[in-house]
Amino acid sequence: MALRLGEIVAALGGELHGDEGQIIERLAPLAAAGPEALAFLSHPKYIKELAASGAACVIVSPAMREAAAARGAFIATPDPYLYFAHLTQLWRSRHAPPEGPRIHPSAVIDPSAQIADTARIGALCVVERGARIGEHTVLKSRVTVSEDCVIGARCLLHPGVVIGADGFGLAPHAGAWVKIEQLGAVRIGDDVEIGANTCIDRGALDDTVIEDGVKLDNLIQIGHNVHVGRNTAMAGCVGVAGSARIGAGCTLGGGAIVLGHLELADGVHVSAASVVTRSILKPGQYTGMFPIDDNAAWEKNAATLRHLHGLRERLRALERATPARSQPNTP
Amino acid sequence: MALRLGEIVAALGGELHGDEGQIIERLAPLAAAGPEALAFLSHPKYIKELAASGAACVIVSPAMREAAAARGAFIATPDPYLYFAHLTQLWRSRHAPPEGPRIHPSAVIDPSAQIADTARIGALCVVERGARIGEHTVLKSRVTVSEDCVIGARCLLHPGVVIGADGFGLAPHAGAWVKIEQLGAVRIGDDVEIGANTCIDRGALDDTVIEDGVKLDNLIQIGHNVHVGRNTAMAGCVGVAGSARIGAGCTLGGGAIVLGHLELADGVHVSAASVVTRSILKPGQYTGMFPIDDNAAWEKNAATLRHLHGLRERLRALERATPARSQPNTP
Amino acid sequence: MALRLGEIVAALGGELHGDEGQIIERLAPLAAAGPEALAFLSHPKYIKELAASGAACVIVSPAMREAAAARGAFIATPDPYLYFAHLTQLWRSRHAPPEGPRIHPSAVIDPSAQIADTARIGALCVVERGARIGEHTVLKSRVTVSEDCVIGARCLLHPGVVIGADGFGLAPHAGAWVKIEQLGAVRIGDDVEIGANTCIDRGALDDTVIEDGVKLDNLIQIGHNVHVGRNTAMAGCVGVAGSARIGAGCTLGGGAIVLGHLELADGVHVSAASVVTRSILKPGQYTGMFPIDDNAAWEKNAATLRHLHGLRERLRALERATPARSQPNTP
């Protein structure tokens, strides 16, 4: 696997200072790159690694031109990280092995499902009755798309994904549960990526909706009738309960939980492991997570926490008991 | 897909005020229902939506009769939500497409497994040696039921479910781990629903047991030798560690964790994302979760939390230092 | 299924006091063991159960010899729990049914994949191009090993495992996300066990690495370029974000989260449901988890927690206001 620097800038642009004929055999992190590798400097804080790097060439921002030139060959481009992303795509496309069959013979596809001509369905996938798979969408191995669910164009579904299992709908009756049949489906837009073993449930009456450009990591649970806005991204192990409505351009950190029927405005960012218990209508970063500590310290603080409300009451009593006139440091 | 109002009340009961011949083409939420739709009012707080709804007919409780009559056709029934649940089942049964094969030819079923005559096994399922699947139970696609595991009657297992993988049993030895073979199995009662990609591990010596009527959402982990009592329900992403014993009629919110070897009495309700670290022997609602806040506020409070025990000590010192006689507001 | 006590000590050692010809029909927990069962006493605190046990024979430590002899037959061995682990392995090996085909005909294996002669590949597995599976490794049903990923010897991968799905790599651009192709793979050492539906993502440039002897429970997410050291064990539902480096001999409790790019030293133990937000360079037990309480108490304390920083400020003000001379109990 190799590309010349000249081929790279011809395909991706950027201002090359160095030998167009230089052969690049791999992409590598700055610190680990050898003389056959192309690396990138995403942030000025890694500038020390730049000087020390043995890379054949480094992708840098224009502001880093001088430091890069002092080291050797470089490509200057306004957004090195974005350039690197495009470079990984170029690398993959140039080195992709011959593709297997468009629809793997082991996949189980209902005759009524509509699979676009350019879509690819991997080994041991299941596409049920009435489902639709858009152009250039790829289902890796062992993906289930249940009946009547719709996947847009250029989506990528990783192994083990389950689209359109029943939402968790139950009516209590006489101490037991009566199933509410889930009559909706799932509608997924274009350019959506869904990580391994992630589940998106079908709606109860209306559909669960994932808009264009949404990116979901692995082992995420999306409940019935959730609506996820454009370009929102969620890290692994997130859970979103039924009927939550999440805006566009949001990010949810790993293991975050969003309770049901809540609304998150566009541009809300939830930190990892935080639990959203109320609607958040203002963009911003939100967090709720017990800080980790050595176990002994945690035990003391956690035990005290269970009396926190009482501490406040005692503080109030003290405040009442403390005459203002004796507070020498108070302005 | 359509049903007449007359057919619905003939099948499900309820007191119809309106035209028996009225054709219903879909079930819909109250706010979104058009003149072809049947909706329901589950709670008096939505009464404003009732008046504004364009539904052909609305299911209401007897107390709402007058308000419903002012709007148009209605069905009165003591528990509209339960009626709606039964209605979704009627709707599904009346509109179900012709069923595929009872056992999908792509499923891999050991000759010694016992599959009830009325059970259905979906595409690409695996049912191992000695497993038993009860009457009217349905395995959707890509479900694994491991050797000797037993599934009762009328159960529904969604795609990707794994029943009977090994429990996590390890004995430490010389810095490494020695596997404890898991010699038990999993026994699942009747009327159990298990969500997509949920896992229930086999027992170490005895069996892991899920009693009748339990409902598990997606991506739940049930460890070895856990016992889950009748009609308990768990939302997505719950984890229950080994040998926990959970009573009947409990609910666990999404992302809740139950540590190993604990006992939860009947009727214990654990809030989402809460961690059960001790047995809970009294019914009730239990919660433990850091409240979410904007990140800056969280940072301040979390940093202070790490000194909470010290704050209590300081408060105590102040209380000792503050003469009771100077507390004017104290009774 | 049966073994004589004599066969057991011949295979596993230990000092038998009792009849070598005694037939053992099952292994059982101490409290539940009947006259056909062999049980073990792992900890002196269960000594009451020892006296009451109806087991045919009990495995005990030498210190328990006297108490065990008072009851009946026993096997003395320095580490009864370890002995029990080996016994479960003996039991399984003696009672294993005839094995099915080494590579199940329903598995989809790329011709370029290298499967060791003694490896076993279960039903409906997928092993992609260039992947390698080591000697005596077992893939249970429905496991995916993606292209170029390497699994060592004597590993056990449970149903639904996904090795080598794409890491979650995205560059932001103009409000959307540009995919970073994941060009690395996954390298898994020897003697690794991976639980049902667990996912280990492939690296972005370098490989994700799981060292020898690592044990992962079910539904765990391991991000790209994570490095997990020898003999580290993780309980169910753990999430480890990209590029985290976890040492050897660590344990992570169920539902714990480790954020990206962090380092955990050897011998770090993280309690269940705790979130690691900073590198931990010192061995020890670490915890961060809101203590569970009845809901009403939690509500009060959680509400107060949101003002904790302010409470500290008020406490400081009081401390300033309280003259040291009036503190009668201060030394």
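Residue numbers (numbering that gives the first Met the number 0), protein chains in the order written: chain A, 0 to 330; chain B, 0 to 330; chain C, 0 to 330.
Positions of the beta carbon are idealized from the N, C-alpha and C atoms, including for glycine.
- At least one C-beta of chain C is nearer than 7 Å to the C-beta of C198 (chain B).
- CA-CA distance, P171 (chain A) to L251 (chain B), rounds to 15 Å.
- In this model, A66 (chain B) and A75 (chain B) are separated by some 11 Å (Cα to Cα).
- Given a length threshold of 3 residues, each whole run of the beta strand (DSSP E) inside the stretch 26–109 of chain C is given here in chain order: 36–39, 56–59 and 73–75.
- Secondary structure at E318 (chain A): helix, using DSSP grouped into helix, strand and coil.
- In this structure, DSSP gives I7 (chain C) a helical state, which the three-state scheme calls helix.
- Secondary structure note for L304 (chain B): it is in no beta strand (DSSP E), and the uninterrupted alpha helix (DSSP H) holding it is N294 to L304.
- Its Cα nearest to that of L218 (chain B), the residue C:G159 stands out among C:G159, C:V257, C:D205 and C:T207.
- Shortest Cα-Cα distance from S270 (chain C) to any of A:F289, A:F167 and A:G283 involves A:F289.
- With its beta carbon at least 7 Å from every one in chain A, W90 (chain C) lies outside the interface.
- When only Cα atoms are considered, A84 (chain B) and I209 (chain C) end up about 47 Å apart.
- With distances taken between CA atoms, A51 (chain C) lies nearest to C:A32 out of C:S41, C:L215 and C:A32.
- Residue burial annotation: R119 (chain C) is buried, with at least 16 other C-beta atoms found within 10 angstroms of its C-beta.
- Taken atom to atom, the span from the alpha-carbon of E24 (chain B) to that of A1 (chain B) is near 4 Å.
- Against chain C, a Cβ distance below 7 Å from Y80 (chain A) picks out A170.
- Contact between T136 (chain C) and C124 (chain C) fails: their C-beta atoms lie close to 12 Å from each other, not under 8 Å.
- A Cβ-Cβ separation of about 5 Å places G253 (chain C) in contact with C236 (chain C) under the 8 Å criterion.
- Counting every other CB atom within 10 Å of its CB across the protein chains shown gives L304 (chain C) a total of 16 or more, marking it as buried.
- Residue pairing by DSSP places L261 (chain C) in no beta bridge whatsoever.
- Between D116 (chain C) and the set C:G133, C:A232 and C:D190, the nearest pair of CA atoms involves C:G133.
- Each residue's CA atom was taken as its position, placing R244 (chain A) and N224 (chain A) some 9 Å apart.
- Taking the CA atoms as reference points, Y82 (chain A) sits about 28 Å from R186 (chain C).
- Considering only A:H94, A:L37, A:A55 and A:N230, the residue with the shortest C-alpha distance to D189 (chain A) is A:N230.
- With its beta carbon at least 7 Å from every one in chain B, V191 (chain A) lies outside the interface.
- In this structure, DSSP gives E192 (chain A) an extended state, which the three-state scheme calls strand.
- Around the CB of A195 (chain B), 16 or more other CB atoms lie within 10 Å, so the residue is classed as buried.
- Rounded to the nearest whole angstrom, the C-alpha separation of E298 (chain A) and R101 (chain C) is 51 Å.
- Chain order gives no chain B residues near P110 (chain C), where near means a beta carbon separation below 7 Å; the closest approach is about 22 Å.
- In the DSSP assignment, R186 (chain A) forms a beta bridge with A:V149 and A:V208.
- Using a Cβ-Cβ distance cut-off of 8 Å, the stretch 274–291 of chain A and the stretch 268–285 of chain C are in contact, since at least three pairs of beta carbons, one from each stretch, lie closer than that value.
- Between the alpha carbons of P96 (chain C) and E146 (chain B) lies a distance of about 11 Å.
- Per the C-alpha coordinates, the member of C:E192, C:I193 and C:G168 positioned closest to Q181 (chain C) is C:G168.
- With 16 or more other Cβ atoms from the protein chains shown falling within 10 Å of its own Cβ, K214 (chain B) counts as buried.
- Here the alpha carbon of A72 (chain B) sits roughly 18 Å from the alpha carbon of P43 (chain B).
- By the beta-carbon neighbour count (other beta carbons within 10 angstroms, threshold 16), L317 (chain B) is buried.
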